[in-house]
Amino acid sequence: MGYSRRDFLATAVVGSLSLGLEGQESKATEPARAATDPTTGKRPIIVCAKNGLNYLDEAFGMLRGGADTLDAALRVIRGPEDDPNNDSVGLGGIPNEEGVVELDACCMHGPTRRAGAVGGVRNIKNVSLVAKAVMEHTGHVMLVGEGAERFAVAQGFPRENLLTEHSRKIWMLWKEWQSSRDWWGPGIDAPNWKAPETVPDSELWQQRIQKLEEIAAGLAIEPEFRSAAIHRVLFPPTGTIHCSALNEKGEISGCTTTSGLAFKLPGRVGDSPIIGAGCYTDQDVGSAGATGTGEQNIKVAGAHTIVENMRRGMSPQEAGLDALKRIVRNFNGDHNKLRFMDMTYYVLRTDGAYACVSLWEGYSPTDPHGMAIHDGTRRIEKSVGLLKGNSQEFPPVPKIPPELLKNSDYYK
Ligand code: ASP
Numbered sequence: 007m008g009y010s011r012r013d014f015l016a017t018a019v020v021g022s023l024s025l026g027l028e029g030q031e032s033k034a035t036e037p038a039r040a041a042t043d044p045t046t047g048k049r050p051i052i053v054c055a056k057n058g059l060n061y062l063d064e065a066f067g068m069l070r071g072g073a074d075t076l077d078a079a080l081r082v083i084r085g086p087e088d089d090p091n092n093d094s095v096g097l098g099g100i101p102n103e104e105g106v107v108e109l110d111a112c113c114m115h116g117p118t119r120r121a122g123a124v125g126g127v128r129n130i131k132n133v134s135l136v137a138k139a140v141m142e143h144t145g146h147v148m149l150v151g152e153g154a155e156r157f158a159v160a161q162g163f164p165r166e167n168l169l170t171e172h173s174r175k176i177w178m179l180w181k182e183w184q185s186s187r188d189w190w191g192p193g194i195d196a197p198n199w200k201a202p203e204t205v206p207d208s209e210l211w212q213q214r215i216q217k218l219e220e221i222a223a224g225l226a227i228e229p230e231f232r233s234a235a236i237h238r239v240l241f242p243p244t245g246t247i248h249c250s251a252l253n254e255k256g257e258i259s260g261c262t263t264t265s266g267l268a269f270k271l272p273g274r275v276g277d278s279p280i281i282g283a284g285c286y287t288d289q290d291v292g293s294a295g296a297t298g299t300g301e302q303n304i305k306v307a308g309a310h311t312i313v314e315n316m317r318r319g320m321s322p323q324e325a326g327l328d329a330l331k332r333i334v335r336n337f338n339g340d341h342n343k344l345r346f347m348d349m350t351y352y353v354l355r356t357d358g359a360y361a362c363v364s365l366w367e368g369y370s371p372t373d374p375h376g377m378a379i380h381d382g383t384r385r386i387e388k389s390v391g392l393l394k395g396n397s398q399e400f401p402p403v404p405k406i407p408p409e410l411l412k413n414s415d416y417y418k
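The numbering of the sequence shown is the numbering used here, which starts it at 7 and goes up by one.
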């Protein structure tokens, strides 16, 4: 999920402010606001998460020039992996709770019907390419942890420190600020889980923010970066990029890469490297990928569910919305829990028809979910949200009172 720092700052706050109003299921049959889900589409075409937009021109040129569809898709997702300023993927990803960056990725090659994946990999930046190497140079599909790292080094990938100063400082701030609001304890799907109080008093928030400012100053976090760092601690970010590519001949491939959830438990692997959850590609049908709350996507095998839905005749949009409804079903439609999770699916059928659907409409009204597309024209289109309104960050933080936000520099 890609967003500018400014968008990021606006994201969770507006999301949390609108909780009282949102949560009604929008009509799944409503037409997309953008031109998604045409009966048939154009080929070649590449679709990806919004943070892949800047890499689409080159990848599209590769497809036009006859490059393999997986190589074109990997060109897109390697971009954010290499970018130290993208703190959701690859180099500079926000680390786990011990300050170590752990990356996950997978890929599927439609024409040869092969797959590769790696989970919990440390010290190697381009895990999407390592996933491809697993596919091409082993008889396995998935390698994890130390074994995956050693395999990558044997394949010639350089070992490097993935923790940038930027991400290290955010982690230090989180560490010093740490409360019980982390990934320990029962999950949101535990029967006794309760949402936190939604409105603590303003004074408490003022004190919290002031305390964070003091810690940030003590850690020598640059004044101009302080508000962004504090926001990431209050609202731990997620981030991932998926990409599917289809060429003129109808060959299709997909891949997904991520640094997973910020401050996750060491060893935690999300949906991104799970074939069938974070990505699934079937040469006979199409390809789908996901970004969002990995735990919930794993339980509905989202990408596989979508491709199978299309195989049975659903359009890309219907197929994606059906997978989202399974997540809603897993929580018996309880919006008090659903608001703490989100999911965006990127769907591409082998005839070029595509759709982007999401559980909620966005992080905020100014930051809707969407998908980057190149089919000769490079653009971003909004997703079709199953539920009206915006999600709230997880682990849940109490809602910040609006009167405090109005005067706060952090949320402008
Ligand atoms: N799906 C990713 C994970 O759970 C996170 C994300 O997409 O933001 O690891």
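Glycine included, C-beta positions come from ideal geometry on N, C-alpha and C.
query: How many angstroms separate the CA atom of residue 398 from the CA atom of residue 346?
result: Whole-angstrom Cα-Cα distance: 5 angstroms.
- prompt: Under a Cβ-count criterion, where at least 16 other Cβ atoms within 10 Å of its own Cβ denotes burial, should residue 328 be classed as buried or exposed?
  reply: Buried.
query: If we call anything under 8 angstroms between Cβ atoms a contact, is residue 124 one with residue 279?
result: Residue 279 sits close to residue 124, with the two beta carbons spaced by under 8 angstroms.
- request: Give every residue of the same chain whose Cβ lies closer than 8 angstroms to the Cβ of residue 386, excluding the five residues on either side of it in the sequence, and list them in chain order.
  value: These residues qualify, in order along the chain: 56, 59, 376, 377, 378, 379.
query: Closest to residue 134 by CA distance: which of 291, 83, 241, 234 is it?
result: It is 83.
field: residue 101 in three-state terms, based on DSSP
entry: Under the three-state reduction of DSSP, residue 101 is assigned to coil, being neither helix nor strand.
message: Along the chain, where does the alpha helix (DSSP H) containing residue 233 start, and where does it finish?
response: For residue 233, the uninterrupted alpha helix (DSSP H) run begins and ends at 229-240, by DSSP.
message: So, with DSSP's three-state summary, where would you put residue 366?
response: DSSP places residue 366 in strand when its eight states are reduced to three.
message: As a quick exercise: from 201, 369, 240, pick the residue whose alpha carbon is nearest that of residue 216.
response: The residue with the shortest Cα to Cα distance from residue 216 is 240.
- prompt: Which residues have their C-beta within less than 7 angstroms of a heavy atom of the ligand ASP, listed in chain order?
  reply: Selection output, chain order preserved: 7, 94, 110, 244, 245, 246, 264, 266, 267, 276, 277, 278, 284, 296, 297, 298, 299, 300, 301, 303.
field: beta strand (DSSP E) segment containing residue 419, residue limits
entry: With the chain represented from 7 up to 418, any question about residue 419 goes unanswered, as that position is not in the structure.
- prompt: What's the call for residue 302, buried or exposed, on a 16-neighbour Cβ count within 10 Å?
  reply: Label assigned to residue 302: buried.
message: Give me, in chain order, the residues of the same chain whose beta-carbon lies closer than 6 angstroms to that of residue 268; leave out the 5 immediate sequence neighbours on both sides.
response: Contacts found: 100, 242, 243.
query: Can you find at least 3 beta carbon pairs, one from the stretch 248-256 and one from the stretch 89-109, that sit closer than 8 angstroms?
result: No, because fewer than three Cβ pairs between the stretch 248-256 and the stretch 89-109 fall closer than 8 angstroms, the two stretches do not touch.
- request: Please report the residue range of the beta strand (DSSP E) in which residue 88 lies.
  value: It is not in any beta strand (DSSP E) - residue 88 instead sits in the alpha helix (DSSP H) that spans 75-88.
- request: Classify residue 119 as buried or exposed, calling it buried when 16 or more other Cβ atoms lie within 10 Å of its own Cβ.
  value: Residue 119 is exposed by the Cβ-count criterion.
Residue 330 versus residue 139: straight-line alpha-carbon distance, rounded: Straight through space, the alpha carbons of residue 139 and residue 330 are spaced by roughly 32 angstroms.
task: To the nearest angstrom, report how far apart residue 177 and residue 105 are at their CA atoms.
output: Distance between the alpha carbons of residue 177 and residue 105 is about 6 angstroms.
contact_flag[the stretch 164-184, the stretch 143-152] where n(CB pairs < 8 angstroms) is 3 or more: Segments in contact, no.
- prompt: Three-state secondary structure (DSSP) at residue 116?
  reply: Secondary structure of residue 116 (DSSP, three-state): coil.
message: Can you tell me whether residue 271 is helix, strand or coil according to DSSP?
response: DSSP places residue 271 in the coil class of the three-state scheme, outside both helix and strand.
- request: Pick helix, strand or coil for residue 293, following the three-state DSSP scheme.
  value: Annotated three-state conformation of residue 293 is strand, per DSSP.
field: Burial state of residue 121, where buried means 16 or more other Cβ atoms lie within 10 Å
entry: Residue environment analysis places residue 121 among the buried positions, since at least 16 neighbouring C-beta atoms fall within 10 angstroms of its C-beta.
- prompt: Can you give the Cα-Cα distance for residue 396 and residue 262, rounded to whole angstroms?
  reply: Rounded to the nearest whole angstrom, the C-alpha separation of residue 396 and residue 262 is 24 angstroms.
- request: Would you kindly report the start and end of the unbroken beta strand (DSSP E) that includes residue 166?
  value: Premise fails: residue 166 is in no beta strand (DSSP E) and is neither H nor E.
message: Once DSSP output is grouped into helix, strand and coil, what is the label at residue 265?
response: Residue 265 falls in the coil class under three-state DSSP.
- prompt: Should residue 132 go down as buried or exposed, given a rule of 16 or more other Cβ atoms within 10 Å for buried?
  reply: Its Cβ being crowded by 16 or more others within 10 Å, residue 132 is buried.
For residue 39, the three-state DSSP class (helix, strand or coil): Per-residue confidence for residue 39 stands at a pLDDT of 40, beneath the threshold of 50, marking its modelled position as unreliable; the derived number appears in the next sentence. For residue 39, the three-state secondary structure derived from DSSP is coil.
Beta-carbon proximity list for residue 115, same chain, < 7 angstroms, skipping 5 on both sides: Spatial neighbours of residue 115 in its own chain (CB-CB distance under 7 angstroms, excluding positions within 5 residues in sequence) are listed in chain order as 76, 141, 259.
- prompt: Grouping DSSP H, G and I as helix and E and B as strand, with all else coil, what is residue 133?
  reply: Reduced to three states, the DSSP call for residue 133 is helix.
message: Measuring only the C-alpha atoms, how far is residue 35 from residue 324?
response: Note that residue 35 scores a pLDDT of 35, beneath 50, so its modelled location is shaky; the value from the coordinates is reported in the next line. When rounded, the separation of the alpha-carbon atoms in residue 35 and residue 324 is 8 angstroms.
message: Whole angstroms are fine: how far does the CA of residue 274 sit from the CA of residue 321?
response: The alpha-carbon atoms of residue 321 and residue 274 are separated by roughly 33 angstroms.
query: Under the three-state reduction of DSSP, which class applies to residue 398: helix, strand or coil?
result: In the structure shown, residue 398 adopts coil according to DSSP, grouped into three states.
- prompt: Measuring CA to CA, which of 304, 388, 265, 222 is closest to residue 372?
  reply: Answer by Cα proximity: 388.
field: Assigned exposure category for residue 62 - 16 Cβ within 10 Å defines buried
entry: Counting Cβ neighbours within 10 Å, residue 62 comes out buried, since at least 16 surround it.
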